[in-house]
Each structure stands twice: as structure tokens, then as C-alpha cells.
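Asker: Before we start, here is the structure in question, set down as C-alpha cells.
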Amino acid sequence: MGTSDVNVSSAMDGEWAQVCSHMRDEIGDAAFDSWFKPMSVRSVDGGVAMISVPTRFMRDWIANNYLEQIQALWCAINKQVTNVEISVGNAQGGGILSQASAQAQKAPPSSSFSDRLVQASRASVLQNPAEELGAPLDPRYTFENFVVGKPNEFAHAAAKRVAEADIPPFNPLFMYGGVGLGKTHLMHAIAHHMREVHPTRTVVYLSAEKFMYRFIRALREQKTVDFKEQFRSVDMLLIDDVQFIAGKDSTQEELFHTFNALVDQGRQIVLSADKSPSDIEGLEDRLKSRLNHGLVADLHATTYELRLGILQSKAEQLGVELPIKVTEFLAHKIASNVRELEGALNRVVAHSQLVGRPITLETSQEVLHDLLRANDRRVTIEEIQKKVAEHFNIRVADMHSARRARSVARPRQIAMFLSKQLTSRSLPEIGRKFGGRDHTTVMHAVKKVGELSLHDQDFAEDVELLRRMLGGVG
Ligand code: ADP
Ligand code: MG
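Following the working numbering, the numbering of the sequence shown begins with 66 at its first residue and continues without gaps.
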């Protein structure tokens, strides 16, 4: 085992720290603290990274929810790591009870909740020829399992059209929206449907990140001709999270050419990103214009009604009875995104099955207290604008107006600053909410307020007071 070597071990810890930091960004502090804090990395040996967790339950949970992602991240950081395994035991070595690996294995028949979770994750590694080129599809991400509501009906309708059409109705279909709102789900659903109806067609789904690594590998191994040929002969290409290749010029170039070649042949392309093509920074103009050429469909933040629907559908899939009080409570409290909502439901269900007691409002509150606190703290930009306007006695409309008098410009800057601090919105998004201002204006405001706070005690206290009123901690 390489761990006795100091250099190897510190490289391993460094890589693990990078994986963790990505995961924290991805899943949020609350979930991260629940699942990742207790993990420790034991060794990296022969391409296999070993992680240990304290309990069997945690191992199953992580295997289902995070293992593939951990593996992909680690491999992206150090391509020699091709497999990640999780064991139960203490980090000091010894005491391994059992292991779960991200590779497909045959699971023994069993019906416990956590076993079902693990089986579901293994089922997702189904082999398919097109998957050699792309990534595996999650069998749960189908149109049947997608709950449609106001915020996603447009994207859903567009996805369905594309999935059912013989000739691309619009090319490309570009779906965008915040994290956890169903972009990946819809892309998989399109791919599933296509493969089902036309088993002979090559349908390739992969993330932009994976596309890039494949491309880089092809360059390194001098196989770019093969690479081009492979990607240009698919019938449908779905690339997820294209914001990832912003600023990565040669990958963009390659994607652009692949894209053109496929569109010319009448092959459907589906893309997703966290922002609209025009708002992704570091994307070449000609690519932007190409992307804007098809249909751009956005997924909005969920509504209460949609969350209720999703909870009911997920509970049904898990085969559990969820009291209506609990459903309403979750839909009300976990308003961030569907992924967190799903995570909350899974936790409540897992807890009830572990302790063998029915799900109640009280136990749900208890099990989710960390998550609830995190969600409580979230405020919207509108709330911030209102509070700040009230505080400085100006009109909310002045948050959007072009007036530059200091009496309104300063409060506006403070509101932008607080929006950056207290919400997860990006600079361009914040700018848009302030009367369509540019992201550099927001950046300037954030800097300015920071500077003024350093030099002006009263000003700093005002900002701090507002921050606390809006629920900011610390
Ligand atoms: P994104 O790719 O936009 O970040 P995902 O597609 O990964 O989000 O969705 C996150 C989770 O939420 C997935 O498990 C997905 O199945 C679920 N989900 C999102 N939207 C819906 C929906 N409308 N109905 C059912 N499940 C959904
Ligand atoms: Mg996604």
C-alpha cells in the first residue's frame, strides 16, 4: 500500500480535499456535513481509492447518492484513480466490515430500503454500446418519473417534442436553469425514450466535462481523427452542463465543429447549462449564436405546488406512506431545489425505516434540523431590495431605476452586496434583478461596500444590521 510514503499520502489527502470541496459546492453545507465529514480516505492503491465511513448505513447511502460523482471527480483530478470503494470501519486501518464499489456487481436479493437504494445505483451502470462513448443513463430519470408544473412545463414540452420527433424540431435544444431543477433528468429522459423507440440509433449522453477529458485524451494519444469520427457519427448527442467548457478554448472549438457537422446532417443535439447561452461568460460568440439558434428553454425555481407533486410521486416510488402534514411541511420548508427536497425525503424515510417507527412531523423536523436551518436562511433578492429600501427610506423601484444620486445609488449597492452574500445568485443574475445592470456593476458594488465598511464604522454597522435582519448569520 502506498500510504506509508509521505508524498503519496499527502497527494492523496490533497486530492480528497479537492473532491470534498467540489462536493460541498454541489450539495451544500448541510448535506456535506452529514455525509462527507465522517468520511476519511484510507489509501489509493492500484487505481483504487479506499474511503472509510463509520456505519454500514452510511456506506449504502453514499454508494447510492454520491459514489459515482466522487469517482468522476477523483478521476478528473487524478486520472489514475479509476475506482472508488467505500468500506465500513475506522480510518486507522483494520475493522473493515464490508465494501461497496462503484463498479457494477450483482446485489443479493433483498428488500430493505438501503439495499434498494444501492441496487438502484447499480442498475444505473447498465451497459449499452453508445455508453462507451457517453455516460450511463440513470434508469429513474424518465418522462414518467418527471413531475410537470408551471416552472418546468416549457422545458418538459420541448424535451418531449425532441424525444418523439423523427426530424429535429429545433436544433439544438438548449435547456438551462439553476442546480437541481431537473435538467439532467430531462436529458436522460430524452435519451431513454429515443433508445426505446429507435434501438438502432446511437444516442450519446455525456457531460461537457467528460467530453473535454475525452477530447484531451484523444489529443494526447493522437487519436483525434477517431474522436471526431465517433462523435460525428452519432444520431443524437446530449451534452450536459456546457458552462463547464466556458473559457476552455480548444474544447469549445471542437464542440463547435462537432456541433456543426451534426446539425448539417440533421442530427439532434441537446444541451444544458446553468445559464442561458448569452449569460455564460467565456463562451465564444459564434458558439453562443449557434446555441441561440435553436430553442432555448429555461427551468424556473420550483413552486410550492410542484414540490408537493414531486414529493408525492417520490414517496410513491419509494413505496412509503407520507402523511400529508409531512408532505406540506417539506414542500414548504425545502424550497431550494428538487435535489435537496429529494434528499430530505430520503433522509426522513431512511430514518423511519431504521428506527422502525412511522414518519411524523416531529421526527421529520428532528431528522432534518440542519437542513431546515440552512433553508430558513435563504432570502430572495426581492426581499433584500425591499428591506434595504425600507431601511433607507427610498422606493423599491429605485433598486431598478437608472437614478445615480448617492441617496439611492448607495442603498442599491448595499442591496447588491447583500444579494451576493446571502443568496446563491451569480453576478449576472443579480445585475438583471437590479434593472438589467451589467455584472461588472454588481462586482463594483460588492467591492465598494466592502471598502466603505472598512473605513466607515457607521456604514459598516448599517450593513451588518441589515444582514442580520435578513437572516444572515455570523
Ligand atoms: P439539474 O441537472 O438541473 O441540476 P437534476 O436533473 O439532476 O437537476 O435533478 C435533481 C434531482 O431532482 C434528480 O434526482 C431528479 O430526478 C429530481 N427532479 C428534478 N426535477 C424533477 C421533477 N420535475 N420531477 C421529478 N423529479 C425531479
Ligand atoms: Mg445536472
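For every residue, glycine included, the Cβ atom is placed at its ideal position computed from N, Cα and C.
Do residue 487 and residue 453 have their CB atoms nearer than 8 Å?
Answerer: No. Outside cutoff.
Asker: From the DSSP output, in three-state form, read off residue 501 for me.
Answerer: Residue 501 falls in the coil class under three-state DSSP.
Asker: Does the distance between the C-beta of residue 212 and the nearest non-hydrogen atom of ligand 1 fall short of 7 Å?
Answerer: Residue 212: yes, Cβ under 7 Å from ligand 1.
Asker: For the beta strand (DSSP E) containing residue 242, name the first residue and the last one.
Answerer: That run of the beta strand (DSSP E) goes 238-242.
Asker: Let's test the definition: count the other Cβ atoms within 10 Å of the Cβ of residue 478 and tell me whether it reaches 16, buried, or not, exposed.
Answerer: Buried, since its Cβ has 16 or more Cβ neighbours within 10 Å.
Asker: For residue 77 and residue 102, I'd like the C-alpha separation in whole angstroms.
Answerer: If you take the alpha carbons of residue 77 and residue 102, they lie about 17 Å apart.
Asker: Counting C-beta neighbours from all protein chains within 10 Å, is the total for residue 471 16 or more, i.e. buried, or is it exposed?
Answerer: Answer is exposed; the Cβ neighbour count stays below 16.
Asker: I need the boundaries of the alpha helix (DSSP H) containing residue 132, first residue and last residue.
Answerer: Its alpha helix (DSSP H) spans residues 132-142.
Asker: Go ahead and label residue 409 buried or exposed: buried means 16 or more other beta carbons lie within 10 angstroms of its beta carbon, across all protein chains shown.
Answerer: Classification for residue 409: buried.
Asker: What is the DSSP secondary structure of residue 306, counted as helix, strand or coil?
Answerer: If DSSP states are grouped into helix, strand and coil, residue 306 belongs with coil.
Asker: Using the beta-carbon count (16 or more within 10 Å), is residue 84 buried or exposed?
Answerer: The residue is buried, with at least 16 neighbouring Cβ atoms inside 10 Å.
Asker: Ends of the alpha helix (DSSP H) at residue 446?
Answerer: Start and end: 446-457.
Asker: Which residues bound the beta strand (DSSP E) around residue 115?
Answerer: Counting along the chain, the beta strand (DSSP E) containing residue 115 begins and ends at 113-118.
Asker: Since residue 309 and residue 273 should fall inside the 8 Å C-beta cutoff, what is the C-beta to C-beta distance between them, to a whole number of angstroms?
Answerer: With 8 Å as the limit, residue 309 and residue 273 qualify as a contact, their Cβ atoms being about 4 Å apart.
Asker: Quick one, which of 493, 506, 140, 203 has its alpha-carbon nearest residue 114's?
Answerer: The option with the nearest alpha carbon to residue 114 is 140.
Asker: Just jot down, in chain order, the residues whose CB lies closer than 7 Å to any heavy atom of ligand 2.
Answerer: Qualifying residues come out as 248, 249, 305, 306, 337.
Asker: One question on the structure: do residue 240 and residue 251 come within less than 8 Å of each other, judged by their Cβ atoms?
Answerer: The answer is yes: Cβ separation under 8 Å.
Asker: Would you check whether ligand 1 has a heavy atom nearer than 7 Å to the C-beta of residue 407?
Answerer: The answer is yes for residue 407.
Asker: At a threshold of 7 Å, does residue 378 count as lining ligand 1 (C-beta to nearest heavy atom)?
Answerer: Yes, since a heavy atom of ligand 1 falls inside the 7 Å radius drawn around the Cβ of residue 378.
Asker: Please indicate yes or no: does the CB of residue 411 lie closer than 7 Å to some heavy atom of ligand 1?
Answerer: Checking every heavy atom of ligand 1 against the Cβ of residue 411, none is found closer than 7 Å.
Asker: Could you name the residues that DSSP lists as bridge partners for residue 333?
Answerer: Per DSSP, 301.
Asker: For residue 129, name the three-state secondary structure that DSSP assigns.
Answerer: Residue state, collapsed to three classes: helix.
Asker: CB-CB under 7 Å to residue 247, same chain, minus the five flanking residues each way: which ones, in chain order?
Answerer: Counting only Cβ-Cβ distances below 7 Å, and skipping sequence neighbours, we find 211, 217, 364, 403.
Asker: Could you tell me if the beta carbon of residue 129 falls within a distance shorter than 7 Å of some heavy atom in ligand 1?
Answerer: Residue 129 Cβ: outside cutoff for every heavy atom of ligand 1.
Asker: If you check the beta carbons only, do residue 352 and residue 321 fall under 8 Å apart?
Answerer: Yes, the Cβ-Cβ distance between residue 352 and residue 321 is below 8 Å.
Asker: Quick check on the DSSP output: the alpha helix (DSSP H) that includes residue 278 runs from which residue to which?
Answerer: Looking at the DSSP string, the run of the alpha helix (DSSP H) that includes residue 278 is 273-285.
Asker: Would you identify the three-state DSSP class for residue 349, choosing helix, strand or coil?
Answerer: Here residue 349 sits in coil by DSSP.
Asker: How many Å lie between residue 306 and residue 339 at the Cα?
Answerer: Rounded to the nearest angstrom, the two C-alpha atoms are 7 Å apart.
Asker: Closest by CA to residue 142, which one among 81, 110, 130?
Answerer: It is 81 whose Cα lies nearest to the Cα of residue 142.
Asker: Would you mind reading off the limits of the alpha helix (DSSP H) that contains residue 362?
Answerer: Per DSSP, residue 362 belongs to no alpha helix (DSSP H); it is in the beta strand (DSSP E), 360-364.
Asker: What span of residues does the beta strand (DSSP E) with residue 372 cover, start to end?
Answerer: Looking at the DSSP string, residue 372 is not in any beta strand (DSSP E); the run it does join, the alpha helix (DSSP H), is 369-383.
Asker: Out of curiosity, what's the CA-to-CA distance linking residue 110 and residue 74?
Answerer: C-alpha separation (whole angstroms): 11 Å.
Asker: Taking all protein chains shown into account, decide if residue 302 is buried (16 or more other Cβ within 10 angstroms of its Cβ) or exposed.
Answerer: The residue in question, residue 302, is buried, as its Cβ has 16 or more Cβ neighbours within 10 Å.
Asker: Give me whichever residues DSSP pairs with residue 338 in a beta bridge.
Answerer: Answer is 241.
Asker: Using 8 Å as the threshold, is the region 213-229 in touch with the region 354-374, meaning 3 or more CB pairs across them?
Answerer: With a cut-off of 8 Å, the region 354-374 and the region 213-229 count as touching, because enough Cβ pairs lie within range.
Asker: Taking only the alpha-carbon atoms, compute the straight-line gap between residue 235 and residue 106 and give it to the nearest angstrom.
Answerer: For residue 235 and residue 106, the distance between alpha carbons rounds to 47 Å.
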